[in-house]
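J.: Chains A and B are the protein sequences, given in the same order.
The numbering of the first sequence is the numbering used here, which starts it at 1 and goes up by one.
The numbering of the second sequence is the numbering used here, which starts it at 1001 and goes up by one.
Shown below is the structure under consideration.
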Amino acid sequence: MFGGLRAVNDVSFSIAEGAIHSLIGPNGAGKTTLFNLITGLYVPTSGEILFDGNNVAGTAPEKLARLGISRSFQNLQVCMRMTVMDNVMVGSHLALGDSILQGMFRFGGARRKDEAAEQEARRLMRFVGIDDFAGVMASDAPFGILKRLEIARAMATNPRLLLLDEPAAGLNQTEKVALETLIRDIAKSGTTVVVVEHDMKMVMSLSDHIVVLVNGAKVADGGVGEVRSNPDVIAAYLGVPVAKVTVDA
Amino acid sequence: MTRRLVDIALLAGILAVVPLFVPNSYIFDVVIRIGLTAVAVIGLNILMGLAGQISIGHAAFVAGAAYTSAILTSIFDWPALASIPAAVVAMTALAFLLAVPMLRLNGHALTIATLGLGLILQIVLVNEVKWTGGPDGLTTTPLSFGSFAINTDLRSYALVSVVLVVTVVLSQNLERSAAGRALRALRDSEIAACAVGIDTYRLKVRAFVASAAFAALSGALTAHYSGFITPDMTGFLRNVELATMVVVGGRGSTVGAILGAALLTALPQLLGGLADYEMVVFGLILMGTMIILPDGIVPSLSAKWRGLTAKRGPGVKTSAAPGQETHESVWRLESGK
């Protein structure tokens, strides 16, 4: 709750492993808030978030990352004073640790593990198509590259559940097609994907399952066809007809 | 890899030839003090430059270690060879105990808490006359390895040079390591850092302790080099000065840390002839530097160089950054002191 405002109210849905899910709804519906709740940036006032049957509501973000929940951000959270490569390698943090002594004295196979992480980062950068920008400072890289950088970084954590917040925003048509293929490939590799997206064409062609939020409440939940024909969804997106005009000529 | 070795060889080479150009022992003293201070500033850069947390209290660890080592040698008759490591260990442990509650604070609150730390120690040093000699300070004995005492300029210089090179190697190793990336990630986006599983609080504590360890090493060595220490070592000015050295040289740059230490140690000496106007000119020079080179000397110049040559590669580390933290503007003002 934000000063009495219920941003997300009584929303309940479940996510099947290995599928592509979409979370849609008009601006201000609470989609990003829901992501922030799932990833631990916000603590819910009430309710449960079950991951693998365990309630993880209110767990710190770094612990959720350890459990296998990773995400990208709608408003970029990229480390601007680091190279694209270093940004992606930060995603391998859990495999590498953060011992300052180990960093200074390079013991315990630190160098070997770092090289493995670099290989993995290169593979992921190729996977999302940003390998040409590996050595470029993030502040010098274009927006579309940074969007995909966030996906690569999230993938580097080796997630079981990947949350993508408006991954197609600001991308051109060619980039959107590439993104769609990328998301399918991620799901194929066994990672469960949840996408918040406004591009309906993409949502409809991509999703196995869609959840619709309006004003913080769930109005629909189901397969593409089911959601598409739901009158509440149509009302939310197109508005309710006020009057019926019948014209006779 | 090779570039790193070239950097280190270059630093060692410069350090080796400097004594040839030192005209008298007064300048030699300044040079040695620059080296000693640089060790503390490189350490502080781990906290301020890499982790992005501002401390204006690290002179407390410098002075704390200096007094610990001085008291152990003068009152308990320890050899300096044992008291220096003991002082570093003691200050590192103290830094950990202080970091656990303090690093729960963020931004300006943390900065103010560190300032309190520096000033409280100064009050303790002034008042515990029995141990510290009070405002008059303490005399210290030189460090010696068996019968080989570090009691000449050249010997002190050689020791400081070795310590400085080791500090630089450790700092650069850290910068390129997984922990170094995690620290920089924490500085640039705390949200991104915790989203990939970095325990930001724990990492801040570690950075604080590591930076205090270098400050302590610098302090303990300074005590036995200078032969005399006073509570001014952790006065307000000295605390702010250390942080200013990091900012002027360039946060996140090891070379910048050395340059910052050199500039701010040497400038007051050069300006000595201006008497009362010394601080005014000093302040103007600092303000000018921060206006022309807002990211600090080394990062700003290397970004300009990068722009000129338009060469991009993983070897290039620092850059002018959009959207820096809000401390930045405050610091540009503060450093004008």
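Beta carbons: idealized from backbone N, C-alpha and C, even for Gly.
For residue 1309 of chain B, count neighbouring Cβ atoms within 10 angstroms of its own Cβ and tell me buried if that reaches 16, exposed if not.
T.: In the second sequence, counting from the first residue as 1, residue 1309 of chain B sits at position 309. When all chains shown are included, residue 1309 of chain B counts as exposed.
J.: Is residue 173 of chain A buried or exposed, if buried means 16 or more other CB atoms sit within 10 Å of its CB?
T.: Here residue 173 of chain A refers to the residue found at position 173 when the first sequence is read from its first residue. Residue 173 of chain A should be labelled exposed.
J.: For residue 1326 of chain B, count the other beta carbons within 10 Å of its own beta carbon; 16 or more makes it buried, fewer makes it exposed. Which is it?
T.: To locate residue 1326 of chain B, count along the second sequence from 1; it is residue 326. A caution first: residue 1326 of chain B carries a pLDDT of 34, below 50, which makes its placement in the model unreliable, though a value can still be read off. Per the 10 Å Cβ criterion, exposed.
J.: Given residue 234 of chain A, which residues of its chain have a CB within under 8 Å of its CB, disregarding the five upstream and five downstream residues?
T.: Counted from its first residue, the first sequence places residue 234 of chain A at position 234. Closer than 8 Å at Cβ, skipping near neighbours: no residue.
J.: Could you check whether residue 1297 of chain B and residue 1252 of chain B sit closer than 8 Å to each other, using their CB atoms as the reference points?
T.: The residue given as residue 1252 of chain B occupies position 252 in the second sequence. The residue given as residue 1297 of chain B occupies position 297 in the second sequence. Taking C-beta atoms as the reference points, residue 1252 of chain B and residue 1297 of chain B fail to come closer than 8 Å.
J.: State whether the segment 1203-1216 of chain B contacts the segment 1038-1046 of chain B, with contact taken as three or more CB pairs (one from each stretch) at a distance under 8 Å.
T.: yes
J.: In this structure, what does DSSP give as the bridge partners for residue 165 of chain A?
T.: The residue you call residue 165 of chain A lines up with position 165 of the first sequence. Residue 165 of chain A pairs with A/196.
J.: Can you pull the DSSP bridge partners for residue 24 of chain A?
T.: Within the first sequence, residue 24 of chain A is the residue found at index 24, counting from 1. Residue 24 of chain A pairs with A/212.
J.: Would you list the one or two residues that DSSP bridges to residue 217 of chain A?
T.: As a working mapping, residue 217 of chain A is identified with position 217 in the first sequence. Paired residues: A/214.
J.: For the candidate residues A/215, A/69 and A/151, whose alpha-carbon lies nearest to that of residue 30 of chain A?
T.: Position 30 of the first sequence, counting from 1, holds the residue named residue 30 of chain A. Per the Cα distances, A/215.
J.: Tell me whether residue 1270 of chain B is buried or exposed, calling it buried when 16 or more other Cβ atoms sit within 10 Å of its Cβ.
T.: Your numbering for residue 1270 of chain B matches position 270 in the second sequence. By the neighbour-count rule (16 or more Cβ atoms within 10 Å), residue 1270 of chain B is not buried but exposed.
J.: Would you identify the three-state DSSP class for residue 1161 of chain B, choosing helix, strand or coil?
T.: Locating residue 1161 of chain B in the second sequence gives position 161, where the first residue counts as 1. The answer is helix: DSSP assigns residue 1161 of chain B an H, G or I state.
J.: Note down, in chain order, each residue of its chain lying with its Cβ closer than 8 Å to the Cβ of residue 1316 of chain B, except the 5 sequence neighbours on either side.
T.: Mapped onto the second sequence, residue 1316 of chain B falls at position 316. With a pLDDT of 40 at residue 1316 of chain B, under the threshold of 50, the predicted position of this residue should be treated as unreliable, though the coordinate-derived value follows. Non-local beta-carbon contacts of residue 1316 of chain B in its own chain, meaning distances under 8 Å to residues more than five positions away in sequence, involve 1302 and 1306 in chain order.
J.: Using only the alpha-carbon positions, how far apart do residue 1257 of chain B and residue 1245 of chain B sit?
T.: In the second sequence, the residue the question calls residue 1257 of chain B occupies position 257. In the second sequence, the residue the question calls residue 1245 of chain B occupies position 245. When rounded, the distance between both Cα atoms is 7 Å.
J.: For residue 133 of chain A, count neighbouring C-beta atoms within 10 Å of its own C-beta (all shown protein chains included) and say buried if the count is 16 or more, exposed if not.
T.: By one-based count along the first sequence, residue 133 of chain A stands at place 133. Its Cβ being crowded by 16 or more others within 10 Å, residue 133 of chain A is buried.
J.: Find the residues of chain B that neighbour residue 41 of chain A, judging by a C-beta separation of less than 9 Å, and give them in chain order.
T.: Numbered from its first residue, the first sequence carries residue 41 of chain A at position 41. Within 9 Å Cβ-Cβ: 1191, 1194 and 1195.
J.: Less than 7 Å between C-beta atoms, sequence neighbours within five positions excluded: which residues of the same chain meet that for residue 159 of chain A?
T.: The count along the first sequence starts at 1 and reaches residue 159 of chain A at position 159. Residues 68, 69, 70 and 191 of the same chain have their beta carbon placed closer than 7 Å to that of residue 159 of chain A, with the five preceding and five following residues left out of the count.
J.: DSSP on residue 1082 of chain B, reduced to helix/strand/coil?
T.: Against the second sequence, residue 1082 of chain B aligns to sequence position 82. Reduced to three states, the DSSP call for residue 1082 of chain B is helix.
J.: Return the residue from the list A/50, A/84, A/118 and A/64 that minimises the CA-CA distance to residue 1178 of chain B.
T.: Here residue 1178 of chain B refers to the residue found at position 178 when the second sequence is read from its first residue. Minimum Cα distance to residue 1178 of chain B is reached at A/118.
J.: From this set, B/1025, B/1201, B/1267 and B/1189, which residue's C-alpha is nearest residue 90 of chain A's C-alpha?
T.: Counted from its first residue, the first sequence places residue 90 of chain A at position 90. For residue 90 of chain A, the nearest C-alpha among the options comes from B/1189.
J.: Any Cβ of chain B within less than 8 Å of the Cβ of residue 209 of chain A?
T.: Indexing the first sequence from 1 puts residue 209 of chain A at position 209. No, residue 209 of chain A lies away from the interface with chain B (no Cβ there is under 8 Å from its Cβ).
J.: Determine whether the beta carbon atoms of residue 141 of chain A and residue 79 of chain A lie at a separation below 8 Å.
T.: Stepping through the first sequence from its first residue, residue 141 of chain A is reached at position 141. Stepping through the first sequence from its first residue, residue 79 of chain A is reached at position 79. Contact flag unset, no.
J.: Could you give the first and the last residue of the continuous alpha helix (DSSP H) run that contains residue 126 of chain A?
T.: As a position in the first sequence, residue 126 of chain A is number 126, starting the count at 1. Counting along the chain, the alpha helix (DSSP H) containing residue 126 of chain A begins and ends at 110-128.
J.: Residues of chain A with CB closer than 8 Å to the CB of residue 1173 of chain B, please, in chain order.
T.: For the purposes of this step, residue 1173 of chain B is taken as residue 173 along the second sequence, with counting starting at 1. At a beta-carbon threshold of 8 Å, the residues of chain A lying near residue 1173 of chain B are 103, 104, 105 and 106, ordered along the chain.
J.: Between the C-alpha atoms of residue 1072 of chain B and residue 1180 of chain B, what's the straight-line distance to the nearest angstrom?
T.: Along the second sequence, read from residue 1 onward, the residue named residue 1072 of chain B stands at position 72. Along the second sequence, read from residue 1 onward, the residue named residue 1180 of chain B stands at position 180. Using only the alpha carbons, I get a separation of about 35 Å.
J.: Would residue 1166 of chain B and residue 1008 of chain B qualify as a contact pair, given that the criterion is a beta-carbon distance under 8 Å?
T.: Counting from 1 along the second sequence, the entry for residue 1166 of chain B is found at position 166. Counting from 1 along the second sequence, the entry for residue 1008 of chain B is found at position 8. Contact: no.
J.: Please tell me whether residue 162 of chain A and residue 39 of chain A are closer than 8 Å, where the distance is taken between their beta carbons.
T.: Against the first sequence, residue 162 of chain A aligns to sequence position 162. Against the first sequence, residue 39 of chain A aligns to sequence position 39. Not a contact, by the Cβ cut-off of 8 Å.
J.: Mind pulling the chain B residues with CB within less than 7 Å of residue 61 of chain A?
T.: For the purposes of this step, residue 61 of chain A is taken as the residue at position 61 of the first sequence. Within chain B, the residues near residue 61 of chain A are 1194 and 1195.
J.: State yes or no: is the C-beta of residue 1182 of chain B within less than 8 Å of the C-beta of residue 1193 of chain B?
T.: Sequence index remark: in the second sequence, residue 1182 of chain B carries index 182 (1-based). Sequence index remark: in the second sequence, residue 1193 of chain B carries index 193 (1-based). Against a cut-off of 8 Å, the Cβ pair of residue 1193 of chain B and residue 1182 of chain B comes out as a contact.
J.: For residue 1319 of chain B, which of helix, strand or coil comes out of DSSP?
T.: Indexing the second sequence from 1 puts residue 1319 of chain B at position 319. Low per-residue confidence applies at residue 1319 of chain B: pLDDT is 41, beneath 50, and the placement is therefore not dependable, though the value from the model is reported in the following sentence. Three-state DSSP puts residue 1319 of chain B in coil, outside helix and strand.
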